[in-house]
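So the sequence shown is numbered by the numbering used here: it starts at 732 and just counts up by one. Every residue, glycine too, gets a C-beta built ideally from N, C-alpha and C. Okay, so here's the structure we're looking at.
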Amino acid sequence: MAQSFDPSRYAVLIVEDDALVRAEAVDLCEEAGFTAYEAKNADQAIRMLERHSEIRVLFTDVEMPGTMDGLKLARAVRDRWPPVAIIVTSGRMKVETTDMPENGLFFAKPYPPRGIIKALNDIAAQIQN
732 MAQSFDPSRY AVLIVEDDAL VRAEAVDLCE EAGFTAYEAK NADQAIRMLE RHSEIRVLFT
792 DVEMPGTMDG LKLARAVRDR WPPVAIIVTS GRMKVETTDM PENGLFFAKP YPPRGIIKAL
852 NDIAAQIQN
């Protein structure tokens, strides 16, 4: 018999410099039952990851100010926190599979809310197994 899934045990870190887009992504993740943390740039994201071991998904935009863009952040997270799943988004850049860290997912903006929720649920199911 399968155990029931509780998405609130896992947190998503949304990294987005646009406050409105970030707030919408936070709402989307919380509506799906996940705990959501937010950061405006990669430096804040790294600090959040260092503080919150329950973060199991990085959901980052590519273009943002600071010391690194979302793709560099994704690669840094893959190296330092291998269990963290990675979702990358962009409204301007076409991101190729070769640009992504292993097992990363890409969604073009505007991303489909149902697609994001499905990806989060799929990731959480993999974490649980």
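- Item | N- and C-terminal bounds of the alpha helix (DSSP H) containing Glu762 | Working through the sequence shown from its first residue, we reach residue 762 at position 31. Segment Ala750 to Glu762, the alpha helix (DSSP H) holding Glu762.
- Three or more C-beta pairs closer than 8 Å, one from the region 738-757 and one from the region 792-806: is that the case here? The region 738-757, when compared against the region 792-806, does touch it at the 8 Å Cβ threshold.
- Message: For Met799, tell me which candidate among Ala776, Glu781 and Leu780 has the shortest Cα-Cα distance.
- Response: As a working note, residue 799 is residue 68 in the sequence shown. Nearest option by C-alpha distance: Ala776.
- Any heavy atom of the ligand GTP closer than 7 Å to the CB of Asp748? Summarising the ligand content, the structure contains no ligands, and the ligand GTP is consequently not present.
- Query: Do you know how far the Cα of Leu802 is from the Cα of Pro796?
  - Reply: Here the question's residue 796 lines up with position 65 in the sequence shown. Here the question's residue 802 lines up with position 71 in the sequence shown. Approximately 13 Å between the Cα atoms of the pair.
- With burial defined as no fewer than 16 other Cβ atoms inside 10 Å of the residue's Cβ, what is the status of Ala733: buried or exposed? As a position in the sequence shown, residue 733 is number 2, starting the count at 1. The predicted position of Ala733 is uncertain, since its pLDDT is 45 and thus under 50; a value taken from the coordinates is nonetheless stated next. So Ala733 counts as exposed.
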